[in-house]
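Residue numbers (my numbering): 202 to 333.
Built from N, CA and C at the ideal position, the CB exists for glycine as well.
In structure tokens form, the structure reads like this:
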């Protein structure tokens, strides 16, 4: 990611999500890591990792800093797009729709990316702007 977005959140202190702390207390859900009849970790992830592993080995702080920088970059670019459309005088004849294919678990339930069907990764933003 490019400057300044790659470092703008580097000094923030992100907290491990509540769902990850709960997961470590109560264990894994039944579907976690299953593929058919066998049971193994998905994508090479060790199911027995600790909160300390998430903080240090999985680079939690750095990952979250980069994620929030990326979101800020998208916010800024959408703002520029809306501004440009307004400046061109075509805002009343332009439809804008912005969405994504998925969200990111962002360490919820101890996971990254979209690997499980939790609301965190299934619930995605959608921005629509149309005349009137």
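Which residues share a DSSP beta bridge with residue i?
{"i": "residue 299", "result": "328"}
Quick one, are the C-beta atoms of residue i and residue j less than 9 angstroms apart?
{"i": "residue 213", "j": "residue 264", "result": "no"}
{"i": "residue 273", "j": "residue 295", "result": "no"}
{"i": "residue 220", "j": "residue 311", "result": "yes"}
{"i": "residue 332", "j": "residue 293", "result": "yes"}
In this structure, does DSSP put residue i in helix, strand or coil?
{"i": "residue 221", "result": "helix"}
{"i": "residue 157", "result": "There is no way to answer for residue 157, as the model of the chain reaches only from 202 to 333."}
From residue i to residue j, what does the alpha carbon distance come to, in whole angstroms?
{"i": "residue 259", "j": "residue 325", "result": "24 angstroms"}
{"i": "residue 267", "j": "residue 276", "result": "14 angstroms"}
{"i": "residue 327", "j": "residue 211", "result": "27 angstroms"}
{"i": "residue 279", "j": "residue 254", "result": "36 angstroms"}
{"i": "residue 257", "j": "residue 281", "result": "36 angstroms"}
{"i": "residue 218", "j": "residue 206", "result": "23 angstroms"}
{"i": "residue 290", "j": "residue 300", "result": "24 angstroms"}
{"i": "residue 261", "j": "residue 302", "result": "23 angstroms"}
{"i": "residue 319", "j": "residue 209", "result": "28 angstroms"}
{"i": "residue 315", "j": "residue 216", "result": "20 angstroms"}
{"i": "residue 321", "j": "residue 203", "result": "26 angstroms"}
Residue i CB to nearest chain B CB: under 9 angstroms?
{"i": "residue 261", "result": "Note that chain B does not occur in the displayed structure, where there is just one protein chain."}
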